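Residue numbers (my numbering): 34 to 227. In this text, a Cβ means the ideal position worked out from N, Cα and C, and glycines have one as well. Keep in mind that this is a model prediction, so the values were computed, not measured. In what follows, a structure is listed as structure tokens, so that the remarks can point back to it.
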């Protein structure tokens, strides 16, 4: 495969303002206090479909497929509450269990597997653990304990309606939102947190 015109993409939920800015402030805080800046290489997000490679010349097919997928998907709510970690390098904002989110993500993965034959084998079999990373990879093990000690009892809570999902593209080692895809309105989103 000619990799010169292949890029990396992933699909995610990006929180709206002011939650977006609050999470970015936490990432900046981690950079300043724990010497970790890797999470700043992407906007605050909850990953739905892990990074995959795709030919740039076929981006329109990604756009068309995602537009087709969201035509039958309705908006839903997400509750972010508290912090969690994956030792020894990741600290994140916890997303509360949400059946609607899990089912949405499962439908998205199945759709992409069937429509575009996209399945990142590196992540096959890993359970879905929805979260928003604020510190990772470059967080040194020695700083992890200090950071987790601080965040373990810190409070954070945000609720928002997911009205769009986004396609992100890696450009110059930065993940940028390439395109947004609107979900269908749903007046009864309160049921989604059960």
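Check	Outcome
Between which two residues does the beta strand (DSSP E) containing residue 183 stretch?	Where residue 183 is concerned, there is no enclosing beta strand (DSSP E), although the alpha helix (DSSP H) it sits in stretches over 174-184.
Could you tell me whether the Cβ atoms of residue 190 and residue 115 are closer together than 9 angstroms?	yes
In whole angstroms, give me the CA-to-CA distance for residue 208 and residue 195.	20 angstroms
In the DSSP assignment, what residue or residues form a beta bridge with residue 203?	208
For residue 59, which residues from the same chain have a beta carbon less than 6 angstroms from its beta carbon, with the 5 sequence-adjacent residues on both sides left out?	167
Give the secondary structure of residue 231 by DSSP, where H, G and I count as helix, E and B as strand, and everything else as coil.	Because the chain here runs from 34 to 227, residue 231 falls outside it and cannot be looked at.
In angstroms, rounded to a whole number, what distance separates the CA positions of residue 133 and residue 159?	19 angstroms
Could you check which residue in 212, 218, 219 and 201 has the C-alpha nearest to that of residue 41?	201
Secondary structure at residue 168, three-state DSSP: helix, strand or coil?	strand
Could you tell me if residue 136 is buried or exposed, where buried requires 16 or more neighbouring beta carbons within 10 angstroms of its beta carbon?	exposed
Tell me which residues share the same chain as residue 165 and place their Cβ nearer than 8 angstroms to its Cβ, disregarding the 5 neighbours each side in the sequence.	48, 56, 77, 78, 79, 113, 125, 126 and 128
Does residue 112 come out as helix, strand or coil in the three-state DSSP assignment?	strand
Which first and last residues belong to the alpha helix (DSSP H) in which residue 152 is found?	From DSSP, residue 152 is part of no alpha helix (DSSP H); its letter is neither H nor E.
Under a Cβ-count criterion, where at least 16 other Cβ atoms within 10 Å of its own Cβ denotes burial, should residue 182 be classed as buried or exposed?	exposed
Am I right that residue 110 and residue 192 are in contact with their C-beta atoms under 8 angstroms? What's the rounded C-beta distance?	6 angstroms
Would residue 122 and residue 73 be called neighbours here (beta carbons separated by less than 9 angstroms)?	no
Distance, Cα to Cα, residue 61 vs residue 52?	14 angstroms
Check for me: the beta strand (DSSP E) holding residue 39 runs from which residue to which?	39-46
Under 6 angstroms Cβ to Cβ from residue 223, same chain only, skipping five residues before and after it: list those, please.	With a pLDDT of 45 at residue 223, under the threshold of 50, the modelled position of that residue is not reliable, and no figure is offered here.
Whole angstroms are fine: how far does the CA of residue 131 sit from the CA of residue 102?	20 angstroms
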